[in-house]
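**Student:** Residue numbers (this note's numbering), protein chains in the order written: chain A, 17 to 316; chain B, 280 to 678.
Given below as structure tokens:
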């Protein structure tokens, strides 16, 4: 097992220039910066329209020091395929291809191309950064917006449907590696990327990304909100390595502790959940408790 | 070497001879035998390329776009709704200036479902910034594929090589299979000015503003409008490059001709039929029949539809009494797109000269409706005698 990376052992080389166009307190800016360190210099990126398109800068300025192909919304994983095919035909085997797409670009419009690439076993890393909505277009609901969240097009009642479980969908493609991460735990993201780089086929990452304007919290509390999602057992950090599910990092520790922070604290830290009633929160708490009871049982 | 094969095989052989590096395709009738053939070449090792069986046409073009951006010679093929499904990517490929070659095996578009031939699919992509070539027989298919890669890479603009579904794709015809050495002499390996590469990082197709902007070196970079203006200018300039392609091709392979138009018995003709694709060869039969009756008529196939060779066309039609446009597609709500384009070219170059021909427009073969040569002959005869009452007139309608 690789040693856990610490803030002291994290490589100092940066692949994102300072001064990106991300919003103040953007969780993606953290995940992207650390994620690129893990991917390393020998990487070609693929990015569909999303917050990242803006973060990366407007022509002729770029905030990323790696080659990047901007592609259409639905085509991310297919574009990664095209680069891989070219590298193969050129006999280049040492270049990593990585796609970074938002949750809308992954769970909704990009799902077909992603499923196709995963089924074909395309050898690349796909990173979905999940800020739980179409934040770049002004906070509309996406497939991964959680139930109860107010968005620009679920303005009064909040989203009425459950969050789409994209990592489970990707795990059903029998991938060598599926992981969930959070911008609030960037070193965990770093270690997981490094760990899977040499695994075969498509590797899928689902990264929880706190979003100040979309979620409604003071930008300085991004890490706190992200951690609350994990500490409440609401959003779990795990790996599925060749089909083997395992809680990791902070979520793994929660199993040892046998104690979750009440989910109410997560909801009340953000304005998007303000319409959730005490009954609804209690209902969600019950679901979380049932999920964790199963984790505890597995641990016994 | 002369061989007898179907039109799809002619296209596939052309792609193999051009040593495409990456092929991506999704099955759709009548394109399927073409891409099946390519998968056979790749799997058997006869062709050294990556064949990606994508999950949609949208992804087929995405693979080609990314492959081309990374420095590969990329090919795909499709038809009808497949082409429409990829429309966003078609526009993207042109905007990104990638020399992708795509065969469009022309088929009617839904609704309702119809797998048979017309040209509504590729005509609907007229304004995407691609070069469009139309083929009338198998020799033109294979030769056009070879010329297309050379031209596309020379001007950094993608090319559609269009040929009629079933009528050409599934019929057998003898044609000359070019020698590999000659194709290699004609078409050097693809060396793009920039290919995605970690040693020389660049961000491609980033958000580009309405106005120009200074880059980090203090130099003025293009805005979106400049980039699009250059696409238009260089598309127009590619007409001359196409002539160069044809000249080079003729020198190496010993066959060629006018790269834009293909006239038949036009020199002394009073009336000229005009069309795209295999229909223009069928019209030759009608022309021969009418010539026997003493009617001075010719037919002109348009090989190059975008960029539109307006000057060459106007010159060829200058002083003729009538131009009779036959089309297997139309701009719904008006008339055939080719008829509109022709009128525009004629007006542009001949207005005020007193040599402006009358243009009449006929729609035929929609959704594979059989085009009877007798009907073409009768229509052509009538059109040379008097102006038709209603435009465009549909031939072969059973209402």
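Where is the CB? At the ideal position from N, CA and C, for every residue including glycine.
Is residue 601 (chain B) helix, strand or coil by DSSP?
**Tutor:** Residue 601 (chain B): strand per DSSP, three-state reduction.
**Student:** Where do the ends of the alpha helix (DSSP H) carrying residue 365 (chain B) lie?
**Tutor:** It is not in any alpha helix (DSSP H) - residue 365 (chain B) carries neither H nor E in the DSSP assignment.
**Student:** Let me check one thing: in DSSP terms, what residues is residue 554 (chain B) bridge-paired to?
**Tutor:** Its beta-bridge partners are B:580.
**Student:** Using a 10 Å radius around the Cβ and a threshold of 16 neighbouring Cβ atoms, would you call residue 586 (chain B) buried or exposed?
**Tutor:** Per the 10 Å Cβ criterion, buried.
**Student:** Does the region 259 to 267 of chain A touch the region 222 to 234 of chain A, meaning 3 or more C-beta pairs lie closer than 8 Å?
**Tutor:** Flag = no, the region 222 to 234 of chain A and the region 259 to 267 of chain A do not touch.
**Student:** Indicate whether the contact test is met: 3 or more Cβ pairs, each with one atom in the region 69 to 89 of chain A and one in the region 269 to 282 of chain A, closer than 8 Å.
**Tutor:** Touching, no.
**Student:** Along the chain, where does the beta strand (DSSP E) containing residue 639 (chain B) start, and where does it finish?
**Tutor:** Segment 637 to 642, the beta strand (DSSP E) holding residue 639 (chain B).
**Student:** In whole angstroms, what is the alpha-carbon distance linking residue 418 (chain B) and residue 513 (chain B)?
**Tutor:** Their backbone Cα atoms lie some 28 Å apart in a straight line.
**Student:** To be precise: take each residue of the region 476 to 505 of chain B, compare its Cβ to all Cβ atoms of chain A, and keep it if any distance is under 7 Å. Which residues remain?
**Tutor:** Cβ contacts with chain A come from 476, 477, 480, 481, 482, 483, 484, 485, 486, 487, 488, 492, 494, 495, 500.
**Student:** My assumption, with CB atoms under 8 Å, is that residue 436 (chain B) sits in contact with residue 355 (chain B). Please give the rounded CB distance.
**Tutor:** Incorrect: roughly 16 Å between the Cβ atoms, too far for contact.
**Student:** Suppose only complete runs of 4+ residues qualify. What are the alpha helix (DSSP H) ranges in the region 148 to 187 of chain A, listed by chain order?
**Tutor:** Taking only runs of at least 4 residues, the alpha helix (DSSP H) segments lying wholly in the region 148 to 187 of chain A are 182 to 187.
**Student:** For residue 153 (chain A) and chain B, any beta-carbon pair shorter than 9 Å?
**Tutor:** No - not a single Cβ of chain B is within 9 Å of the one on residue 153 (chain A).
**Student:** Please work out which residues of its chain come closer than 8 Å, Cβ to Cβ, to residue 616 (chain B), disregarding the five sequence neighbours upstream and downstream, and give them in chain order.
**Tutor:** For residue 616 (chain B), where only same-chain residues beyond five positions count, the Cβ hits under 8 Å are 402, 405, 606, 608, 609, 610.
**Student:** Compare the C-alpha of residue 197 (chain A) against each of A:226, A:314, A:121 and name the closest.
**Tutor:** If we check each option's Cα against that of residue 197 (chain A), A:226 comes out closest.
**Student:** Could you name the residues of the region 289 to 312 of chain B whose beta carbon sits closer than 8 Å to any beta carbon of chain A, in the order they occur along the chain?
**Tutor:** So the list reads 300, 301, 303, given in the order they occur along the chain.
**Student:** Please give me, in chain order, every unbroken run of the alpha helix (DSSP H) with length at least 4 that falls completely inside the region 240 to 273 of chain A.
**Tutor:** Whole alpha helix (DSSP H) segments, 4+ residues: 265 to 273.
**Student:** Taking 6 Å as the limit between beta carbons, can you name the residues of its chain near residue 384 (chain B), skipping five residues before and five after?
**Tutor:** Within the same chain, residue 384 (chain B) has close Cβ partners 309, 310, 358, 444, 448.
**Student:** For residue 363 (chain B), tell me which candidate among B:339, B:377, B:374, B:350 has the shortest Cα-Cα distance.
**Tutor:** Of the listed residues, the one whose Cα sits closest to residue 363 (chain B) is B:339.
**Student:** For residue 295 (chain B) and residue 320 (chain B), which I take to be in contact (beta-carbon distance under 8 Å), what is that distance rounded to the nearest angstrom?
**Tutor:** At roughly 5 Å, the Cβ-Cβ gap stays under 8 Å, so residue 295 (chain B) and residue 320 (chain B) are in contact.
**Student:** Residue 81 (chain A) touches chain B at which residues, Cβ-Cβ below 7 Å?
**Tutor:** In chain order: 480.
**Student:** Which residues, in chain order, does the region 89 to 105 of chain A contribute to contact with chain B at a C-beta distance below 9 Å?
**Tutor:** Correct list: 89, 90, 91, 92, 93, 94, 95, 96, 97, 98, 99, 100, 101, 102, 103, 104, 105.
**Student:** Could you pull the DSSP bridge partners for residue 233 (chain A) from this structure?
**Tutor:** None; residue 233 (chain A) has no bridge partner.
**Student:** Can you tell me whether residue 60 (chain A) is helix, strand or coil according to DSSP?
**Tutor:** Note: residue 60 (chain A) maps to strand in three-state DSSP.
**Student:** Does the beta carbon of residue 409 (chain B) come closer than 9 Å to any beta carbon on chain A?
**Tutor:** Chain A contact via Cβ: absent.
**Student:** Would you mind giving the Cβ-Cβ distance between residue 349 (chain B) and residue 102 (chain A), rounded to the nearest angstrom? I have them listed as a contact below 8 Å.
**Tutor:** Sure, about 4 Å apart at Cβ, within 8 Å.
**Student:** What do you get for residue 152 (chain A), buried or exposed, if any count of 16 or more other CB atoms within 10 angstroms of its CB means buried?
**Tutor:** It counts as buried.
**Student:** Looking at the structure shown, is residue 191 (chain A) part of a helix, part of a strand, or coil, going by DSSP?
**Tutor:** Looking at residue 191 (chain A) - three-state DSSP - the assignment turns out to be coil, as it is neither helix nor strand.
**Student:** Whose Cβ in chain A lies nearer than 8 Å to the Cβ of residue 379 (chain B)?
**Tutor:** Neighbours of residue 379 (chain B) on chain A: none; closest Cβ ~10 Å, over 8 Å.
**Student:** Could you check which residue in A:59, A:132, A:147 has the C-alpha nearest to that of residue 45 (chain A)?
**Tutor:** Taking only the C-alpha atoms, the option nearest residue 45 (chain A) is A:147.
**Student:** For residue 122 (chain A), is the classification buried or exposed, using 16 other Cβ atoms within 10 angstroms of its Cβ as the cut-off for buried?
**Tutor:** It is buried - the Cβ of residue 122 (chain A) has at least 16 other Cβ atoms within 10 Å.
**Student:** Mind listing the chain B neighbours of residue 59 (chain A)? Cutoff is C-beta to C-beta under 8 Å, in chain order.
**Tutor:** What residue 59 (chain A) touches in chain B: 477.
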